[in-house]
Amino acid sequence: MVRQELPMSCGAACVRQILLEAQIDVPEATIRDIAGYHPEMPMLLDGLADALTVLHPGATYRHGGVRPEDLDALAGKAPFIALLRMPSRHFVIVDEVGSTDVRLRDPAGTEAEPSVGAVVVMKRATFLERWTRAYNGVLWRVG
């Protein structure tokens, strides 16, 4: 997982990682420009969806709120970007949704490994609580 370059650029870092996995290497700064980044404001799902659509030709992305009871159905679309409240709004990439745990990648990384993002296994209940406090926001590929 790439590490976010700026304090409020977690969404752009998630988009960059999704693009890298599609063999598309775009600087985070380009993604921030397309997505409407502002250093004092959190990024929005619609801006991130716009960036993915522009930078990933032939792919279609959707965004919006998803009911918590639909999390298992959404798991089939992984990886997807989710908006959590941890305590502030923060974008992560969800890779797996299990019955008890959710495996995700966090572009903020950890203090122990500050140069890269982190792979995190979070209890499903904790994920759901943080996700619903952030309005169940997700961004996923539909085609």
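Just so you know, our numbering puts 10 at position 10 of the sequence shown, and the rest follows in order with no gaps.
We put the beta carbon where it would ideally sit given N, CA and C, even for glycine.
This structure is a prediction, so every number in the text was calculated from the model and none was measured.
Rounded Cβ spacing between residue i and residue j (contact assumed at less than 8 Å)
i    : j    : result
L48  : V15  : 5 Å
A22  : H56  : 6 Å
A51  : G137 : Contact flag wrong, Cβ pair sits at about 15 Å.
V2   : A13  : 5 Å
L139 : L45  : 5 Å
Residues bridged to residue i [DSSP beta-bridge criterion]
i    : result
H90  : L84
V120 : L104
L74  : Its beta-bridge partners do not exist; DSSP assigns none.
T62  : What sits at residue 62 in the sequence shown is Arg, not Thr. BP columns for R62 point to W140.
V144 : Here the chain has residues from 1 to 143 only, and residue 144 is not among them.
E153 : Outside the modelled stretch of the chain, which goes from 1 to 143, sits residue 153, for which no answer is possible.
Span separating the alpha-carbon of residue i from that of residue j
i    : j    : result
P68  : V102 : 13 Å
P39  : E5   : 11 Å
M41  : P7   : 10 Å
D72  : V66  : 11 Å
G143 : T60  : 5 Å
T30  : R124 : 33 Å
A134 : F127 : 11 Å
H90  : R105 : 12 Å
R130 : R141 : 22 Å
V121 : G98  : 10 Å
G76  : G58  : 20 Å
F80  : Y37  : 20 Å
S9   : E111 : 18 Å
G11  : A78  : 16 Å
L84  : A108 : 13 Å
V92  : D33  : 19 Å
Test: residue i CB closer than 8 Å to a CB of chain B
i   : result
E40 : Although the question refers to chain B, the structure presented lacks it and comprises just one protein chain.
Output the residue ranges of the alpha helix (DSSP H) runs that lie fully inside the stretch 25-51 and measure 4 residues or longer, sorted by chain position. 28-35
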